[in-house]
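If you read the sequences in order, they're chains A and B. Following numbering that gives the first Met the number 0, the numbering of the first sequence begins with 0 at its first residue and continues without gaps. Following numbering that gives the first Met the number 0, the numbering of the second sequence begins with 0 at its first residue and continues without gaps. See structure below.
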Amino acid sequence: MIIKAIISVVAFLVLGPFLGGLLAGLDRKLSAKMQRRVGPPVLQPFYDVGKLFQKEKQTPTRFQDFYVILFVVFIIASGVLFFMGGDLLLVIFTLTIGAAFLIIAAYSSNSPYAELGAERELLAMMAYEPMVLITVIGFYMYGGSFRVSEIMAADNMAFLPLIGIFFGWVFILTLKFRKSPFDLSMSHHAHQELVRGATTEFVGRTMGWIEISHWYENVFLLGFVFLFFANGTAWGWIIGIVVALLTYFFEVFIDNCFARMKWQFAFKSAWVVAVVLGMINLFVLYICF
Amino acid sequence: MSAAYVTKSPWVVHYDGSSCNGCDIEVLACLTPMYDVERFGIINCGNPKHADVFLVTGSVNEQNKGIVKQIYEQMPEPKVVVAVGICACSGGIFKDCYNVMGGVDQVIPVDAYVPGCAARPEAIIDAVVKGLGVLQAKRDAMVKAVDAPAEEVAEAAAEEVATEEKKAGAVPPIFTMAEIKVNTMDFLKK
Ligand code: SF4
Numbered sequence: 000m001i002i003k004a005i006i007s008v009v010a011f012l013v014l015g016p017f018l019g020g021l022l023a024g025l026d027r028k029l030s031a032k033m034q035r036r037v038g039p040p041v042l043q044p045f046y047d048v049g050k051l052f053q054k055e056k057q058t059p060t061r062f063q064d065f066y067v068i069l070f071v072v073f074i075i076a077s078g079v080l081f082f083m084g085g086d087l088l089l090v091i092f093t094l095t096i097g098a099a100f101l102i103i104a105a106y107s108s109n110s111p112y113a114e115l116g117a118e119r120e121l122l123a124m125m126a127y128e129p130m131v132l133i134t135v136i137g138f139y140m141y142g143g144s145f146r147v148s149e150i151m152a153a154d155n156m157a158f159l160p161l162i163g164i165f166f167g168w169v170f171i172l173t174l175k176f177r178k179s180p181f182d183l184s185m186s187h188h189a190h191q192e193l194v195r196g197a198t199t200e201f202v203g204r205t206m207g208w209i210e211i212s213h214w215y216e217n218v219f220l221l222g223f224v225f226l227f228f229a230n231g232t233a234w235g236w237i238i239g240i241v242v243a244l245l246t247y248f249f250e251v252f253i254d255n256c257f258a259r260m261k262w263q264f265a266f267k268s269a270w271v272v273a274v275v276l277g278m279i280n281l282f283v284l285y286i287c288f
Numbered sequence: 000m001s002a003a004y005v006t007k008s009p010w011v012v013h014y015d016g017s018s019c020n021g022c023d024i025e026v027l028a029c030l031t032p033m034y035d036v037e038r039f040g041i042i043n044c045g046n047p048k049h050a051d052v053f054l055v056t057g058s059v060n061e062q063n064k065g066i067v068k069q070i071y072e073q074m075p076e077p078k079v080v081v082a083v084g085i086c087a088c089s090g091g092i093f094k095d096c097y098n099v100m101g102g103v104d105q106v107i108p109v110d111a112y113v114p115g116c117a118a119r120p121e122a123i124i125d126a127v128v129k130g131l132g133v134l135q136a137k138r139d140a141m142v143k144a145v146d147a148p149a150e151e152v153a154e155a156a157a158e159e160v161a162t163e164e165k166k167a168g169a170v171p172p173i174f175t176m177a178e179i180k181v182n183t184m185d186f187l188k189k
């Protein structure tokens with residue numbers, strides 16, 4: 000058990016950024032294809048980060064780097080806790096703290112663009128946080144445990160009983176991945192009205208670290224999708240991985256189909272989804288199990 | 000030397016000095032599916048703090064020289080400046096206006112000039128790709144700077160840029176100022 004946990008943690012720490020970077024590269028290639036462009040090489044995100052680490056150091060305040068380091072550490076820690084088979088509640092609280100440090104880092108720069116981006120990031124967080132909590136509670140009500148290792152070893156897939164929650168989770172993934180229509184705080188695409196939103200003031204290697212922790216975060220968020228399908232068998236694994244990849248493809252597709260919405264819409268729609276899909280699913284679980 | 004990542008992901012910030020918008024449209028045309036500069040990893044990021052290449056269109060005047068300087072200073076090293084269009088190279092047809100100071104090189108050092116009115120997207124892409132050689136030379140100088148005194152480094156960098164420019168000299172329209180002036184004169188005569 001312990002050995003298995005150690006192996007998966009090491010695998011996450013080593014392979015996580017590679018997988019995340021590759022996914023980011025595929026995202027850009029796919030987006031380009033959807034727009035009838037050739038697009039960058041699939042390894043482009045690695046070149047980008049490599050370049051960012053070769054740039055001059057520049058930071059508006061020395062506190063910013065401190066917060067960014069904390070952000071990186073907490074994001075990676077939440078992934079480690081998840082792949083260790085740890086407690087889901089602990090995982091989402093660590094993730095939230097990580098996200099909070101990114102917001103503080105953006106605020107600390109005193110740049111109007113970064114501050115507005117940070118404010119929007121805060122609103123996005125308020126929008127997706129209820130659904131995250133509902134997801135975790137759903138897993139608990141169905142499987143009777145918050146521990147990832149026990150959920151993974153369960154006999155039945157959690158997907159069907161948690162189907163509403165699953166779609167709710169996919170919905171907020173758009174917010175978490177910062178894809179259109181909800182890429183209001185910082186966009187991965189070229190221009191936006193806030194320059195680069197919350198990441199405006201991160202220069203060179205600081206930005207590089209932010210990118211790397213986004214890769215970790217994306218892998219770990221797709222791990223949540225995987226968790227809906229994981230049961231003791233190999234089929235659970237295969238279906239889980241395939242659906243996780245399909246979900247990512249779906250997010251890229253949505254990203255290319257929508258324009259950016261205002262924060263009011265992001266907020267309202269996320270809460271409506273949380274109440275309709277999440278709460279009703281929880282209620283059904285309460286009655287049936 | 001570490002791997003040459005600087006040349007593989009040139010992010011661009013574009014500033015419209017006092018261009019007639021002709022050149023700006025051509026800069027943006029580079030992003031369209033027709034030319035798709037993202038093939039080379041080029042992104043129009045709109046943020047000087049993330050950018051490696053500074054594209055300036057239009058001439059500089061008393062109003063915008065501070066802004067051009069500020070954008071340039073906000074960009075972290077290594078960085079490259081590309082003057083797009085004859086206005087940005089020398090002032091072009093606005094050269095003799097009472098408020099125009101001339102080309103962008105009046106306020107910041109320019110690494111590549113793109114002639115044309117308006118500059119063609121192919122020429123702009125070519126200039127950015129040529130600018131990558133300069134970017135690499137500057138990065139190498141930065142690596143050396145870690146243990147060499149500042150003046151030596153500056154000299155070495157200047158030399159390397161010069162050799163890079165010589166190497167790049169195979170494609171004359173992008174680099175030599177003299178030729179651009181001749182071209183412009185021809186153009187005006189016509
Ligand atoms: S070079 Fe020509 S097209 Fe370009 S900004 Fe000047 S006048 Fe306009």
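From the three backbone atoms N, C-alpha and C, an ideal C-beta is built for every residue, glycine too. All figures in this text were calculated on a predicted structure; none of them were measured in a lab.
Chain-ordered neighbours of Thr199 (chain A) on chain B, where CB pairs are closer than 9 Å = Position 200 of the first sequence holds residue 199 (chain A). Result: Asn46, Lys48 and His49.
Does the Cβ of Gly97 (chain A) have 16 or more other Cβ atoms within 10 Å, making it buried, or fewer, making it exposed?
-> Your numbering for residue 97 (chain A) matches position 98 in the first sequence. Counting Cβ neighbours within 10 Å, Gly97 (chain A) comes out buried, since at least 16 surround it.
Comparing the CB of Thr56 (chain B) with every heavy atom of the ligand SF4, is any distance shorter than 7 Å?
-> One-based indexing of the second sequence puts residue 56 (chain B) at position 57. Yes; taking the cut-off as 7 Å, the Cβ of Thr56 (chain B) has a heavy atom of the ligand SF4 nearer than that.
From this set, A:Met140, A:Gly203 and A:Ile150, which residue's C-alpha is nearest Pro47 (chain B)'s C-alpha?
-> By 1-based counting over the second sequence, the position of residue 47 (chain B) is 48. Ranking A:Met140, A:Gly203 and A:Ile150 by Cα distance to Pro47 (chain B) puts A:Gly203 first.
Residues near Leu101 (chain A) by beta carbon distance below 6 Å, same chain, minus five either side | Locating residue 101 (chain A) in the first sequence gives position 102, counting from the first residue. Once the five neighbours on either side are set aside, the close Cβ partners of Leu101 (chain A) are Phe70.
Would the C-beta of Ser89 (chain B) count as close to the ligand SF4, meaning under 7 Å from any of its heavy atoms?
-> Here residue 89 (chain B) is taken as the residue at index 90 of the second sequence, counted from 1. No; taking the cut-off as 7 Å, the Cβ of Ser89 (chain B) has no heavy atom of the ligand SF4 nearer than that.
Whose C-beta lies closer than 7 Å to the C-beta of Ser18 (chain B) among residues of the same chain, with five residues either side of it excluded?
-> Position 19 of the second sequence holds residue 18 (chain B). Closer than 7 Å at Cβ, skipping near neighbours: Thr56, Gly57, Gly84 and Cys86.
Report the three-state DSSP secondary structure of Asn280 (chain A) (helix, strand or coil).
-> Along the first sequence, one-based indexing puts residue 280 (chain A) at 281. The answer is helix: DSSP assigns Asn280 (chain A) an H, G or I state.
Using 7 Å as the cut-off, classify the Cβ of Ile92 (chain B) as near or not near the heavy atoms of the ligand SF4, replying yes or no.
-> Looking up residue 92 (chain B) in the second sequence gives position 93. Checking every heavy atom of the ligand SF4 against the Cβ of Ile92 (chain B), one is found closer than 7 Å.
Could you tell me if the beta carbon of Ala289 (chain A) falls within a distance shorter than 7 Å of some heavy atom in the ligand SF4?
-> Past the boundaries of the shown model lies residue 289 (chain A); chain A is included only from 0 to 288, so the question cannot be answered.
Exposed unless 16 or more other CB atoms sit within 10 angstroms - verdict on Ala167 (chain B) | Reading the second sequence from its first residue, position 168 is the one you call residue 167 (chain B). Because the pLDDT of Ala167 (chain B) is 46, which lies under 50, any placement of that residue in the model is unreliable, and the number read from its coordinates should be weighed accordingly. It is buried - the Cβ of Ala167 (chain B) has at least 16 other Cβ atoms within 10 Å.
Compare the C-beta of Lys215 (chain B) against all C-beta atoms of chain A and say whether one is closer than 8 Å.
-> A question about residue 215 (chain B) goes unanswered here, because the residues of chain B that appear run from 0 up to 189.
Proximal chain B residues relative to Ala104 (chain A), where beta-carbon distance stays under 8 Å = Mapped onto the first sequence, residue 104 (chain A) falls at position 105. Those within 8 Å of Ala104 (chain A) in chain B number zero; the least Cβ separation is about 14 Å.
With respect to 7 Å, is the separation between the Cβ of Ala117 (chain B) and the closest non-hydrogen atom of the ligand SF4 below this value?
-> Working through the second sequence from its first residue, we reach residue 117 (chain B) at position 118. True, at least one ligand heavy atom lies under 7 Å from that Cβ.
Under a Cβ-count criterion, where at least 16 other Cβ atoms within 10 Å of its own Cβ denotes burial, should Val12 (chain B) be classed as buried or exposed?
-> Reading the second sequence from its first residue, position 13 is the one you call residue 12 (chain B). So Val12 (chain B) counts as buried.
Are the beta-carbon atoms belonging to Glu76 (chain B) and Met33 (chain B) less than 8 Å from one another?
-> To locate residue 76 (chain B), count along the second sequence from 1; it is residue 77. To locate residue 33 (chain B), count along the second sequence from 1; it is residue 34. Result no, Cβ atoms of Glu76 (chain B) and Met33 (chain B) do not sit closer than 8 Å.
Ile150 (chain A) (DSSP reduced to helix, strand or coil) | Position 151 of the first sequence, counted from the start, is the residue given in the question as residue 150 (chain A). Looking at Ile150 (chain A) - three-state DSSP - the assignment turns out to be helix.
For Ile123 (chain B), verify whether its CB is less than 7 Å away from any heavy atom of the ligand SF4.
-> Position 124 of the second sequence, counted from the first residue, corresponds to residue 123 (chain B). Result no, Cβ not under 7 Å from the ligand SF4.
Compute the beta-carbon to beta-carbon distance between Arg119 (chain A) and Leu183 (chain A), rounded to the nearest angstrom, for a pair I have assumed lies under 8 Å.
-> Within the first sequence, the letter at position 120 stands for residue 119 (chain A). Within the first sequence, the letter at position 184 stands for residue 183 (chain A). Indeed they touch by this definition, with Cβ atoms about 5 Å apart.
Taking 7 Å as the line, does the beta carbon of Ser7 (chain A) fall inside it for any heavy atom of the ligand SF4?
-> As a first step, residue 7 (chain A) is located in the first sequence; it is residue number 8 there, counting from the start. No, the Cβ of Ser7 (chain A) stays beyond 7 Å of every heavy atom of the ligand SF4.
Extent of the continuous beta strand (DSSP E) run through Met100 (chain B) | Numbered from 1 along the second sequence, position 101 holds the residue referred to as residue 100 (chain B). Met100 (chain B) -> beta strand (DSSP E) spans Val99 to Gly101.
Closer than 7 Å: is that where the CB of Ile133 (chain A) sits relative to any heavy atom of the ligand SF4?
-> Locating residue 133 (chain A) in the first sequence gives position 134, where the first residue counts as 1. The answer is no for Ile133 (chain A).
Check whether the Cβ of Cys29 (chain B) sits closer than 7 Å to any heavy atom of the ligand SF4, and report yes or no.
-> Taking the first residue of the second sequence as position 1, residue 29 (chain B) is located at position 30. Because no heavy atom of the ligand SF4 lies under 7 Å away, the Cβ of Cys29 (chain B) does not count as near it: no.
Touching by the beta-carbon criterion (3+ pairs, under 8 Å), the segment 44 to 59 of chain A and the segment 206 to 225 of chain A | yes
Answer with buried or exposed for Ala10 (chain A), where buried requires no fewer than 16 other C-beta atoms within 10 angstroms of its C-beta.
-> Mapped onto the first sequence, residue 10 (chain A) falls at position 11. Classification for Ala10 (chain A): exposed.
Report the rounded CA-to-CA distance for Gly40 (chain B) versus Leu25 (chain A), giving the unit in angstroms.
-> What you label residue 40 (chain B) is simply residue 41 of the second sequence in a count that begins at 1. What you label residue 25 (chain A) is simply residue 26 of the first sequence in a count that begins at 1. Using only the alpha carbons, I get a separation of about 14 Å.
Listed by chain order, chain A residues near Asp35 (chain B) by CB distance under 8 Å | The residue you call residue 35 (chain B) lines up with position 36 of the second sequence. Ordered by position in chain A, the residues that pass the 8 Å Cβ test against Asp35 (chain B) are Ala31, Arg36, Val37 and Gly38.
Any idea if Cys29 (chain B) is buried or exposed, counting beta-carbon neighbours within 10 angstroms, 16 or more meaning buried?
-> For the purposes of this step, residue 29 (chain B) is taken as residue 30 along the second sequence, with counting starting at 1. Buried is the call here.
Just the chain A side, please: which residues come within less than 9 Å of Pro75 (chain B) by C-beta, in chain order?
-> Numbered from its first residue, the second sequence carries residue 75 (chain B) at position 76. Lys54, Glu55, Lys56, Gln57, Val202 and Gly203, listed in chain order.
Pick from B:Asn63, B:Val52 and B:Gly115: whose alpha carbon is nearest that of Leu134 (chain B)?
-> Residue mapping note: residue 134 (chain B) aligns to position 135 of the second sequence, counting from 1. The shortest C-alpha separation from Leu134 (chain B) is found at B:Val52.
For chain A, is any of its Cβ atoms less than 8 Å away from the one on Pro32 (chain B)?
-> Along the second sequence, one-based indexing puts residue 32 (chain B) at 33. True, the Cβ-Cβ gap to chain A drops below 8 Å.
What is the DSSP secondary structure of Val106 (chain B), counted as helix, strand or coil?
-> Here residue 106 (chain B) refers to the residue found at position 107 of the second sequence. Three-state DSSP puts Val106 (chain B) in coil, outside helix and strand.
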